[in-house]
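Here's the structure we're looking at; comments come further down.
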Amino acid sequence: MIRRIVQPLAPHRTDLAFALWFLNPLVIFVSGIHGQFDVIVVPFILLALILTNEKRYALSGVALTIATLFKLYPLFLFPLYLTLILKQSTTGKQKVISSAHFAVASLVTAILLTLPYLSSSNIWTAMFRRGDTLSLQGGFNVWFAAQSIKIEHWLTGTNASILVKIVPLAALAMIIMIPIAIMRQKLNLKTIIAGHLAIMIILFCYYSSLANPQYFLSVIAFLVIYVAVYNKYSLSLWIISIFGIAQYLLLATFAWKILLYPLAAYTPLLDVDDINRQLIGTPAQWIYWRNHPLVNPYIYSSGIGFFATTSVLIGCLKTISRQRSNNNHTSNHD
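Plus 472 on top of the position in the sequence shown (first one is 1) and you've got this note's numbering.
Shown next, in the form of structure tokens:
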């Protein structure tokens with residue numbers, strides 16, 4: 473699917489795009505080693521984009537709804553897709569019909585796929601309570617320093633609690649404004665990809681209190697397209713990928729050493745008891761890091777990942793605003 477999106481604008485770089493995704497270390501780690509299903513969402517978002525470009529709006533709605541039922545964050549992409557559909561339609565009647573196809577197909581798909589589960593209380597718990605948190609959990613987001621207990625208490629205390637409330641609201645406002653800005657300009661792939669990236673990065677890095685590395689697989693997919701077509705953001709792509717893996721290893725601290733048990737059991741190179749002691753001591757190490765932020769590698773790796781994604785966000789917002797400025801200049805000239 474990535475190759476299909478890249479093909480029209482950079483046919484000589486389709487193999488590069490495929491390799492950047494297929495051999496990406498974070499993609500391999502999340503799907504093949506850590507066993508997270510977040511990777512399943514990515515092809516459905518890409519499929520929704522392809523189908524929208526082909527003006528197959530009902531199927532696009534089906535694809536985006538399926539992605540949303542795996543992970544809720546694609547729900548925030550629906551306004552962007554409605555914007556793309558309206559921009560591709562030339563008459564008022566076409567706008568209504570195309571939007572209706574997309575909306576009805578999305579709604580029917582959601583009802584059919586969730587209906588068997590609505591009788592269970594577990595689904596409501598998962599939808600409305602599982603994501604609740606009383607703390608700032610950090611990750612590749614603006615709250616990365618909250619992995620320090622002192623900083624977390626300061627942010628959630630009475631003095632700074634207003635900041636914790638304002639940032640998500642501002643992020644939500646920005647997410648809403650992006651489709652509105654795109655609506656006022658001529659569509660091209662660069663603007664569309666920038667819109668996807670901006671919405672997802674704002675959502676993960678500023679709206680959510682937690683941003684685990686697996687959330688960014690969809691960001692990586694669109695970054696791969698950007699790198700292949702426009703040769704931009706390659707450094708950010710690798711920073712997110714490499715430091716994303718570092719997050720897993722740091723979250724589990726010494727848990728990765730469980731992979732060394734066969735080597736310890738069947739060779740004299742390692743000692744099983746030594747691995748046991750390190751695994752048992754993981755909570756104590758984590759508590760030490762939480763109380764000593766200056767030596768907490770999780771904070772540093774989170775901060776690097778956050779600033780890398782934020783640099784991409786700034787670039788995408790500039791792309792969207794620049795396209796709008798160019799359109800205004802063209803209109804004035806005419």
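Where a beta carbon is used, it is the ideal one built from N, C-alpha and C, also for glycine.
{"Query": "Does DSSP classify L682 as helix, strand or coil?", "Result": "strand"}
{"Query": "Classify G507 as helix, strand or coil using the three-state DSSP reduction.", "Result": "coil"}
{"Query": "Note the first and the last residue of the continuous alpha helix (DSSP H) segment covering D743.", "Result": "Careful: D743 lies outside any alpha helix (DSSP H) and carries neither H nor E."}
{"Query": "What does the Cβ neighbour count give for I623, buried or exposed, with the cut at 16 atoms within 10 Å?", "Result": "buried"}
{"Query": "Find the nearest neighbour of Q619 within the set L661, S681 and M649, judged by alpha-carbon distance.", "Result": "S681"}
{"Query": "Taking I475 as part of the alpha helix (DSSP H), name the residues at either end of that continuous run.", "Result": "Looking at the sequence shown, residue 475 is not Ile but Arg. From DSSP, the alpha helix (DSSP H) with R475 extends over I474 to V478."}
{"Query": "Check for me: the alpha helix (DSSP H) holding K567 runs from which residue to which?", "Result": "G564 to T586"}
{"Query": "What does the alpha-carbon distance come out to for the pair Y760 and P740?", "Result": "31 Å"}
{"Query": "Is G611 helix, strand or coil when you go by DSSP?", "Result": "strand"}
{"Query": "Grab the span of the alpha helix (DSSP H) containing Y589 for me, first residue to last.", "Result": "Run containing Y589: none; DSSP gives neither H nor E here."}
{"Query": "To test your reading of the DSSP string, which unbroken alpha helix (DSSP H) runs of 4 or more residues are found completely within the region 528-556?", "Result": "529-542"}
{"Query": "Nearest to V784 by alpha carbon, out of I674, L732 and W758?", "Result": "I674"}
{"Query": "Whole-angstrom Cβ separation of S708 and A780, contact assumed at under 8 Å?", "Result": "5 Å"}
{"Query": "Measuring straight from C-alpha to C-alpha, what distance separates S808 and L519?", "Result": "Beyond the ends of the chain as shown, which are 473 and 806, falls residue 808; an answer cannot be given."}
{"Query": "Classify A482 as helix, strand or coil using the three-state DSSP reduction.", "Result": "coil"}
{"Query": "Nearest to R749 by CA position, among L549, H764 and Y733, is which residue?", "Result": "Y733"}
{"Query": "Tell me whether the beta-carbon of F778 lies closer than 9 Å to the beta-carbon of F550.", "Result": "no"}
{"Query": "Can you look up N763 in the DSSP assignment and give me helix, strand or coil?", "Result": "helix"}
{"Query": "Going by beta-carbon coordinates alone, are Y678 and Q719 separated by less than 9 Å?", "Result": "no"}
{"Query": "How many angstroms separate the CA atom of N768 from the CA atom of I712?", "Result": "19 Å"}
{"Query": "Can you give me the Cβ contacts of T791 inside the same chain, cut-off strictly under 7 Å, excluding the 5 residues immediately before and after it?", "Result": "K662, T663 and A666"}
{"Query": "Based on Cα-Cα distance, which residue from I634, M672 and M655 lies nearest to L558?", "Result": "M655"}
{"Query": "Need the endpoints of the alpha helix (DSSP H) that Y687 sits in, please.", "Result": "Premise fails: Y687 is in no alpha helix (DSSP H) and is neither H nor E."}
{"Query": "How big is the Cα-Cα spacing for L544 and Y687?", "Result": "11 Å"}
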